[in-house]
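This report concerns only the one structure given below.
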Amino acid sequence: MEPPHEPYRPHRQPHRRPYGPHEEVSRRRPWVVGVSGASGTPYAASVLRALLSAGEAVDLVVSRASRLTLLDETGISFRDAHWRQDLGRWLARGADGTPDAFEPRVQTADVRHWAAGDLAAGPSSGSYDVKGMLIVPASTACVAGVALGLSKDLLQRSASVNLKERRPLVVAVREAPLSGQTLRHLVALDEAGAVVVPASPAFYAGATRIQDLVDFVAGRVLDAAGVPHKLYRRWEGELRGGAGDE
């Protein structure tokens with residue numbers, strides 16, 4: 011006589027509730043840093059070093075055109091398959107070619123790299139939680155694409171997302187002279203809520219090296235984003251030496 015069959019009981023997974031609004035959860039909220047094809051990759055390097063030194067998480071988007079600029083300005087190739095190694099070499103080099111002891115820190119820094127053509131990447135969605143976005147340097151083509159909402163690559167799409175979500179967007183435009191068309195695009199970005207920071211250094215901070223001028227622009231980008239830093243000497247209301255106008 012065959013034993014009676016046991017009734018089928020489906021296996022149930024343990025109940026898992028979603029994290030509540032008051033539950034302690036470690037949440038990663040990065041800054042998205044977009045690097046476009048304009049000349050000025052040292053500005054991007056200075057911003058990245060400052061963010062990572064401050065313990066900020068970074069999501070990095072390096073456009074295809076910017077890789078050519080980076081190669082031309084530094085001799086460094088940026089490859090998707092070896093991005094962390096290439097980023098380390100990039101950040102270890104100052105604007106004047108002097109070495110920086112930053113490379114080892116890149117290997118353990120909280121950085122994610124997203125391919126410029128990956129329109130399904132995290133920063134392409136408004137539900138992906140970020141603090142904001144910095145585009146440095148921003149080419150006129152990038153400015154036009156963001157102002158017109160083209161979203162032709164991940165850099166432009168991420169910028170559009172930050173605008174619609176009312177998150178900080180800082181655009182460090184690097185071009186001279188500026189056409190009327192580009193000026194209209196910059197006005198459109200300002201009206202949409204972005205902060206436009208021209209990549210033009212000041213000289214009151216006592217710059218003695220090219221890197222000092224680069225750091226001033228990078229510092230103004232971070233100022234616009236509300237990120238503390240010590241990249242340049244701030245104006246204190248007095249001329250150097252304390253002498254006033256005669």
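The working numbering puts the first residue of the sequence shown at 11, with every later residue one more than the last. Positions of the beta carbon are idealized from the N, C-alpha and C atoms, including for glycine.
Mapping DSSP to helix, strand and coil, what is residue i?
i    : result
G236 : coil
L144 : strand
V207 : coil
R122 : strand
L129 : coil
W93  : helix
G98  : helix
P52  : helix
Kindly identify the DSSP beta-bridge partner or partners of residue i.
i    : result
R103 : P109
G44  : V71 and I145
W180 : With the sequence shown as reference, residue 180 is identified as Val, and Trp is not the correct amino acid for it. Looking at the DSSP assignment, V180 forms a beta bridge with L144 and V205.
For residue i, which residues of its own chain have a beta-carbon under 8 Å away from its beta-carbon, when the five flanking residues on both sides are left out?
i    : result
R94  : V116, Q117, V121 and H123
E246 : none
P109 : A102 and R103
R39  : A67, D139, V140 and K141
Q96  : Gln is not the amino acid found at residue 96; the sequence shown has Asp there. Excluding sequence neighbours, D96 sits near I86, S87, F88 and R89.
For residue i, which option in the options has the closest C-alpha, if you only look at C-alpha atoms?
i    : options                   : result
D233 : Q221, G155 and L179       : L179
V42  : V153, L164 and A228       : L164
V68  : A105, F213, D139 and Q191 : D139
R176 : D128, T51 and G136        : G136
G236 : L158, K141 and R244       : K141
N172 : A119, G132 and H195       : G132
I86  : A55, A64 and E66          : A55
K174 : T150, A204 and R194       : A204
A151 : L97, H92, R194 and S63    : R194
L199 : V224, E185, R39 and L158  : L158
S63  : S76, D128, A119 and H92   : A119
Are the beta-carbon atoms belonging to residue i and residue j less than 8 Å from one another?
i    : j    : result
V183 : P208 : yes
T192 : V156 : no
Q221 : D82  : no
V181 : I145 : yes
Y53  : P147 : yes
S168 : S134 : yes
V45  : T51  : yes
G47  : T79  : yes
Which residues in the same chain as residue i place their Cβ atom closer than 6 Å to its Cβ, once the five residues preceding and following it in sequence are excluded?
i    : result
H239 : A60, G229 and L232
Take residue i and list the residues in its own chain whose beta-carbon comes closer than 7 Å to its own, dropping the five residues that flank it on each side.
i    : result
F112 : R59, L101 and A102
R74  : A126
F213 : none
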